[in-house]
Amino acid sequence: MTQKTLHKRHSDLANSNRQLQILSNGIFLSGELPKFKDKISETGQFPLKARQLEILQINVGYMCNQVCEHCHVDAGPDRKEIMTRETMQHCLDVIKTTGAHTLDLTGGAPEMNPNFRWFVEEASKVGIKDFIVRSNLTIMRSNKSYHDLPDFFKSYNIHVVSSMPHWTKGKTDKQRGTGVFDKSIKALQELNAIGYGMPNSTLRLDLVYNPTGAFLPGNQAALEKEFKKALLEDFGIHFHNLFAITNLPISRFLDYLIASDNYEDYMYALVEAFNPVAVQNVMCTNTLSVSWDGYLYDCDFNQMLELPVNSKVKHISEYNEALLEGRNIVISQHCYGCTAGAGSSCQGSVA
Ligand code: SF4
Ligand code: SF4
Numbered sequence: 006m007t008q009k010t011l012h013k014r015h016s017d018l019a020n021s022n023r024q025l026q027i028l029s030n031g032i033f034l035s036g037e038l039p040k041f042k043d044k045i046s047e048t049g050q051f052p053l054k055a056r057q058l059e060i061l062q063i064n065v066g067y068m069c070n071q072v073c074e075h076c077h078v079d080a081g082p083d084r085k086e087i088m089t090r091e092t093m094q095h096c097l098d099v100i101k102t103t104g105a106h107t108l109d110l111t112g113g114a115p116e117m118n119p120n121f122r123w124f125v126e127e128a129s130k131v132g133i134k135d136f137i138v139r140s141n142l143t144i145m146r147s148n149k150s151y152h153d154l155p156d157f158f159k160s161y162n163i164h165v166v167s168s169m170p171h172w173t174k175g176k177t178d179k180q181r182g183t184g185v186f187d188k189s190i191k192a193l194q195e196l197n198a199i200g201y202g203m204p205n206s207t208l209r210l211d212l213v214y215n216p217t218g219a220f221l222p223g224n225q226a227a228l229e230k231e232f233k234k235a236l237l238e239d240f241g242i243h244f245h246n247l248f249a250i251t252n253l254p255i256s257r258f259l260d261y262l263i264a265s266d267n268y269e270d271y272m273y274a275l276v277e278a279f280n281p282v283a284v285q286n287v288m289c290t291n292t293l294s295v296s297w298d299g300y301l302y303d304c305d306f307n308q309m310l311e312l313p314v315n316s317k318v319k320h321i322s323e324y325n326e327a328l329l330e331g332r333n334i335v336i337s338q339h340c341y342g343c344t345a346g347a348g349s350s351c352q353g354s355v356a
C-alpha cells in the first residue's frame, strides 16, 4: 500500500491548528472526557515542569523515503523541510556546552539530509555519551549511495534505533509500505554482520515497536521476547532492546483514527489507561526537541503540532540551558498517549 503525506493530499489535518482543534473539541469540550491538564491536576502534577536536560533530540528534516500510515511527522519524499548547515552549526555549538548525555538525531529519514554525514562527524567529536540515529532501515537499501551507512554508523559508534512494527511481513508492510519488511530484514542482517545488535556487542541496535492499529501496545518485555524469538528463528537476526511506543493521536495517525471511525474509542482507551506514575517520567521532562529550522519544542510531538517551548528562549541560536530548565511544559490531549499504561517515550515504556 502506498500512502501520500497529508501535505500532498492537501488534507486539512496538514494544518496543526486543525489537529489541535480536534483534540480540544468534541468529547473533551463537552466534558465527556477530562482534558489532560485537568487529569494531571487531580494528582497534583500540573504544571508539568522540565527538569535537567538529559536528551537533546534534533530533527534534521521531514523528508523520508517512506510514507508510513502512522507517521506523526507527516514525513515523505515530498517534504522539503531540511535543516541547513548553518542551523546545524548552531546545534553543534550547543552540543559542545550542553550537560545532556544523549544526542538523538531524527527525521524523516535523517540520512537524507545532504549535510547528515558532516553533522554526525562533527557532533561525534564532542564525545557525547550516547549518540543515537533513528534510522528507518530501508534507507540503507534504497539506493547505492546509502549502502555504506552501516559502516558509517560503526565508524562513529552510533547507536542505531529503528522502527519495526512487527516481525511479519504483512503487518509491517501494511503500516510502512509494500516492500519495507524485506528491505528492513536485509538492513538488519547487514548491521548484524558488522557487529550491530549482537550479544555482548557495544554497537547498540534497538528496535521500536508501535501498534499497527487503533490499540495500545502490550507489555514491552513480553513483546521484546516475542520479537527476539521470531526474528532469530526466521531470519537469524539479533538486536538489543525493543522499545514499545504508543501511537499519539496526531498527524497521519489522527487521520487514520478519524477515517477508520476509531478516534473517540482510541481517546477513551488512552484516558482509561491513564497512569499517574508515567507522568513523572514523560520524555519532555528531560528532553528538548529542535526542529529543522532551529526552533525549540518540549518534544517531537509538540514540534509537529507547532507548540513551541514556553520560554524566552525560542531558538537554538539563543540557547540557554539554565533558562530552559524549570519551564512549564506545553500540553494538550495528545499527551494522553505518553501516560497510558506503562507510558511511552522515544525510549519506550517509562513506568
Ligand atoms: S514513521 Fe519514520 S520512516 Fe515512516 S514516514 Fe515517518 S519518518 Fe519516515
Ligand atoms: S506529548 Fe510531548 S509534551 Fe505531551 S507528555 Fe508527551 S512528551 Fe510531554
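All residue numbers for the sequence shown refer to the numbering used here, where the first residue is 6 and numbers rise by one. Glycine included, each C-beta is placed from N, C-alpha and C at the ideal position.
- Between ligand 1 and CYS69, a heavy atom-to-CB distance of less than 7 Å is present.
- The beta-carbon distance between PRO82 and VAL276, rounded to whole angstroms, is 36 Å. This is too long to meet the 8 Å contact definition.
- Counted as a single uninterrupted DSSP element, the beta strand (DSSP E) harbouring VAL165 occupies residues 164-168.
- VAL185 and ALA264 have their C-alpha atoms roughly 23 Å apart.
- Selection around ligand 2 by beta-carbon proximity, strictly under 6 Å to any non-hydrogen atom, yields VAL287, MET288, CYS289, ASP303, CYS304, PHE306, ASN307, ILE334, ILE336, HIS339, CYS340, CYS343 in chain order.
- If one requires a minimum length of 4 residues, the alpha helix (DSSP H) runs lying completely within the stretch 40-77 are 41-47, in chain order.
- In terms of side-chain proximity, the C-beta atom of SER46 is found no nearer than 7 Å to any non-hydrogen atom of ligand 1.
- Each residue's CA atom was taken as its position, placing ASP79 and CYS304 some 16 Å apart.
- Annotation: ALA249 is outside any alpha helix (DSSP H); the continuous beta strand (DSSP E) that includes it extends over 247-249.
- Taking 7 Å as the cut-off, one finds no heavy atom of ligand 1 near enough to the beta carbon of ARG332.
- Nearest Cα to THR107 within the set LEU310, ASN291, GLN308: ASN291.
- By the criterion of a C-beta distance shorter than 6 Å, TRP172 is surrounded in its chain by PHE232, ALA235, LEU236, once the five residues flanking it on both sides are discounted.
- Closest by C-alpha distance to SER337, out of LEU142, VAL166, LYS188, PRO254, is PRO254.
- In the three-state DSSP reduction, ALA219 falls in the coil class, being neither helix nor strand.
- Within a 10 Å sphere around the beta-carbon of LYS44 sit 16 or more other beta-carbons, which makes this residue buried.
- Annotation: LEU142 is outside any beta strand (DSSP E) and is labelled neither H nor E by DSSP.
- Relative to the non-hydrogen atoms of ligand 1, the Cβ of VAL213 never comes closer than 7 Å to any of them.
- The criterion of a C-beta distance shorter than 8 Å is satisfied by LEU329 and VAL314.
- DSSP places HIS320 in the strand class (E or B) of the three-state scheme.
- Distances from the CA of PHE124 to each of HIS152, SER140, GLN94, THR143 were compared; the closest alpha carbon is that of GLN94.
- Fewer than three Cβ pairs drawn from the stretch 216-230 and the stretch 192-199 lie within less than 8 Å of each other, which leaves the two stretches out of contact.
- In the three-state reduction of the DSSP assignment, ASP178 falls in the helix class.
- Considering only CYS343, ASP98, GLY218, the residue with the shortest C-alpha distance to ASP266 is GLY218.
- The Cβ-Cβ distance between ILE250 and ASN215 falls below 8 Å.
- In this structure, ALA249 has its beta carbon at no less than 7 Å from each heavy atom of ligand 1.
- Within the same chain, and ignoring the five residues on either side of LEU142 in sequence, the residues whose Cβ sits closer than 6 Å to its Cβ are SER167, SER189, ALA192.
- The beta carbon of PHE51 sits closer than 7 Å to those of LYS42, ILE45, all from its chain and outside the five residues before and after it, given in chain order.
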